[in-house]
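> Take 3 as the starting number for the sequence shown in the working numbering and just add one per residue.
Idealized CB from N, CA, C, for every residue including glycine.
Please read all numbers here as calculations on a predicted model, not as lab measurements.
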Amino acid sequence: MQLKKTVLLIVLMAFGALGQAQNNTPYWQQHVDYTMKVDMDVKNYQYKGTQKLVYTNNSPEELSRVYYHLYFNAFQPGSEMDIRLQNIEDPDGRMMEEGKSRIAALKPDEIGFLHVSSLLQDGQNVAFNEEGTVLVVELAKPIPSGGKTTFEMAFNGQVPLQIRRSGRNNEEGVALSMSQWYPKLAEYDFEGWHADPYIAREFHGVWGDFDVELTIDKDYVVGGTGYLQNAQEIGHGYEAPGTKVKKVKGKTLTWHFKAPMVHDFMWAADPKYVHDTLQVENGPLLHFLYKNDPEIRDNWKKLQPKTAEAMKFYSDNIGKYPYEQYSVIHGGDGGMEYAMSTLITGGRKFGSLVGVMTHEMAHSWFQHVLATNESKHEWMDEGFTTFISTLCMNKIMEQNKENPFENTYNGYRRLALSGKEQPQTTHADRYDNNFAYGVSAYSKGAVFLAQLGYIIGQDKLMETLHKYYDDFKFEHPTPNDFKRTAEKVSEMELDWYLTDWTQTTNTIDYGVKDVINEGSKTKITLERIGLMPMPLDILVVYSDGTRETFYAPLRMMRGEKENPYGDIQRTTLPDWPWAYPTFDFAVDKPMEDITAIMIDPSQLMADVDPQNNLWQANN
Ligand SMILES: [Zn+2]
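As C-alpha cells, this is what we get:
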C-alpha cells in the first residue's frame, strides 16, 4: 500500500516535471567557436583547410548526431539546386544561360565542392556521410545537455564559377566571393535540427566566435567578416595610417581575422581591389573594397558618405550597430548580406548602388544581429529590411516621398490578386515560383510593418522596433517574439494580425456601402468584404473645406491608437466586432454638406480593392 502510493507519487511527479519542462523551458541557444586555417590556391581555385570547432550544447536534450552544411556541393550538375532550377517556372536569370541551367553546364574544374576528409570528436574518429549539401555525423559519444565537445576536421574545396552568391570570377571580374565556403554546423534550436539542403536560398546558423587564418597569394586584397589581427604585416590599406608595413618573405600572406558573436563568416579577395576606409562618428570603421576600374570609381567614392549616413539612420531608428567594423565589398552577383559586411555588384548607376548598399546593410540588424531563421520566416528578414531601407533611402537620397511604400503595397496587391500567393509560413524553398516567394518575403513582409504602424500608430511602431532589437539581439527571434513586443509596447492584442497576415492568404477589403440622409444627420454604412479584420480610420470632408475623422477600433484588438491626424478632430466610435459584416455610424451634418468619405486616408492599410474605400458626392 505504502509502496504503491510512493510509485504513484513518483509517476505524478514525473508528469509534473515533464509538463514544466515543456511549458517553462527558458530560451536557450547553441554556441560554436570556430578556429580555421585555410590555404587558398588562386590558380586552380582549390583550397584546403582545418577546422577546430568547440560546440556547446545549451539545449535541454542530449545530442547523438550533428549536421554540417557543405553549401558548395550545390554547384554541381544534378544537385538539388540544379534540378530545382530546371523545374521552376520562373528561374533566376543569373543562374540560366539560353534557357538552360548554368549549373548543369559546369565542367569538373568549374564546379564547386566541399568535402570533409577526416573528423574527430574529442580525439575519437566519428562516422560521417555526405548527403548532397549536408554532412550527417553520428557522434562517437552523445553530447549531454550543458556539455561541450570539440570537433577537429580537415576539409578541401573548390570554388565554383560564380553562379549564385559565391564563386570565382564574377561577371565584373572579381576573383573570389567566398560566402558559405566552409563546413558550417547546422543550427539546433527549440524546433530541433535545421539541416536544410541548399536548394535556393535563405540561411540559419549558430551564434559563436570565429578565428580564421587565410593564406593566399600576397597580391590579393582581402575583406569580409572579422577584424584583421595582423594589419601591420598585411598592409593593403589595413595598416595604421602613416605607418610602415613589416615585409614578409614568400609569395603568400596569412591574414588572421577574428569575429566575435556572428553566425557566418564571409571573405572576398581580388588583386585589383582599391581599399578605402571611413570612420563613422560614434560608430564603426567602414571599409570599401572595389575593383580599380575607372568606370565605377567615382560612384564608389560617392557611396562612402552615404554608407555612413545609412549606418547612422539604422543606429538611430533600430539600435546601435554592435560591431566595430562594416565592409562594403565589390563581388557576388547582386547584393547579399553577411556578418559585418556585404557583397554587391559595382557597375551600377549611383542610385542603384546606394540602394543595394542600403538594403544589404539593413540586414546587419535583421539577420546578423536579430538572427531569425530566415528559411522559415523570410518575411521577418527581407520584409523588415525592405521596410527600414525604404525609409532610409527616402531620407538619405532626399526622395521625400509622402508614401515611400506605395510600390511595396502595389507589389503585394498584385500577388494577392494573382492566385499564386502562398502563406508567409511557407519555407523559403517551398514556394511554387520565385515571384510568389519574392513578393511575399520582401513586399508583404515590409507591408507587415508599415501596416502595423497604421494599427498601433507610427510612434509605437518605432518603439516596438527598438524594444525588439534590445530584447532579442544575438538571439533567434520568432514571429511571436516580435508580436509580443508590439503587444507590450501598444497594449493591444495583435494575435489576429500575426495569424491572418502571416499564416493565411486572407485579404483585407473594406468599403463604404451606403450614405443615407437622415435630416440634420447622415448615416454611413461601412462593410467588411475580405476575411481579414482591421481597425478603420475614416476621413469625412465637408463642402466648406473642413474635415473630420472617425475611428472604428477592432473589438478583438482590445485597445485604441492615438489620433494619427493630430490637427483634425477625431471621434472614436464603438468597437467593430469582426463577425459583423457591416458597421453604421452617424455624422452630425446633413448629407448635402458632405463632399467625400474615405477609409484609411494614409493608405497604409493593404486593402486589395481601394476603389470602394472612397465615396464622393455626385456634384
Ligand atoms: Zn535582402
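Measure the beta-carbon distance from residue 491 to residue 469 and round it to whole angstroms, keeping in mind my assumption that it falls under 8 Å.
6 Å
> Leaving out five residues on either side along the sequence, give the residues of the same chain with a beta carbon under 6 Å from the beta carbon of residue 454.
463
> So is the beta-carbon of residue 361 under 7 Å away from any non-hydrogen atom of ligand 1?
yes
> Under 7 Å: does the beta carbon of residue 387 sit that close to some heavy atom of ligand 1?
yes
> How big is the Cα-Cα spacing for residue 311 and residue 283?
CA-to-CA, the gap between residue 311 and residue 283 works out to about 10 Å.
> Which residue's Cα is closest to the Cα of residue 422: 413, 409, 438?
438
> In the DSSP output, what is residue 166 paired with across the bridge?
168
> Are the Cβ atoms of residue 445 and residue 414 separated by less than 8 Å?
In contact: residue 445 and residue 414 (Cβ atoms closer than 8 Å).
> Does the Cβ-Cβ distance between residue 539 and residue 566 come in under 8 Å?
yes
> Shortest alpha-carbon distance to residue 56 belongs to which of 43, 66, 73, 33?
33
> Going by the DSSP bridge assignment, what does residue 617 pair with across the sheet?
599
> Between which two residues does the alpha helix (DSSP H) harbouring residue 30 extend?
For residue 30, there is no enclosing alpha helix (DSSP H), since its DSSP letter is neither H nor E.
> With H, G and I counted as helix, E and B as strand and the rest as coil, what does DSSP make of residue 206?
coil
> Regarding residue 384 and ligand 1, is the C-beta to nearest heavy atom distance less than 7 Å?
yes
> Do residue 313 and residue 323 have their CB atoms nearer than 8 Å?
yes
> At a threshold of 7 Å, does residue 206 count as lining ligand 1 (C-beta to nearest heavy atom)?
no
> On the three-state DSSP scale, how would you describe residue 368?
helix
> So for residue 531, helix, strand or coil by DSSP?
coil
> What does the Cβ neighbour count give for residue 175, buried or exposed, with the cut at 16 atoms within 10 Å?
exposed
> Counting only the same chain and skipping the five closest in sequence on each side, list residues whose C-beta sits under 7 Å from that of residue 536.
510, 512, 556, 607
> Given the structure, does residue 339 come close to ligand 1, in the sense that its CB is under 7 Å from one of the ligand's heavy atoms?
For residue 339, the shortest separation between its Cβ and any heavy atom of ligand 1 lies below 7 Å.
> Using only the alpha-carbon positions, how far apart do residue 260 and residue 529 sit?
59 Å
> Given residue 620, which residues of its chain have a CB within under 8 Å of its CB, disregarding the five upstream and five downstream residues?
none
> Would you decide whether residue 126 is buried or exposed? Buried here means 16 or more other CB atoms lie within 10 Å of its CB.
exposed
> Kindly indicate the opening and closing residues of the alpha helix (DSSP H) around residue 481.
481-492
> Is DSSP giving residue 475 helix, strand or coil here?
coil
> Kindly indicate which residue of 166, 477, 409, 113 has the alpha-carbon position closest to the one of residue 47.
Closest option to residue 47, Cα to Cα, is 113.
> Can you grab the Cα-Cα spacing for the pair residue 134 / residue 501, in whole Å?
35 Å
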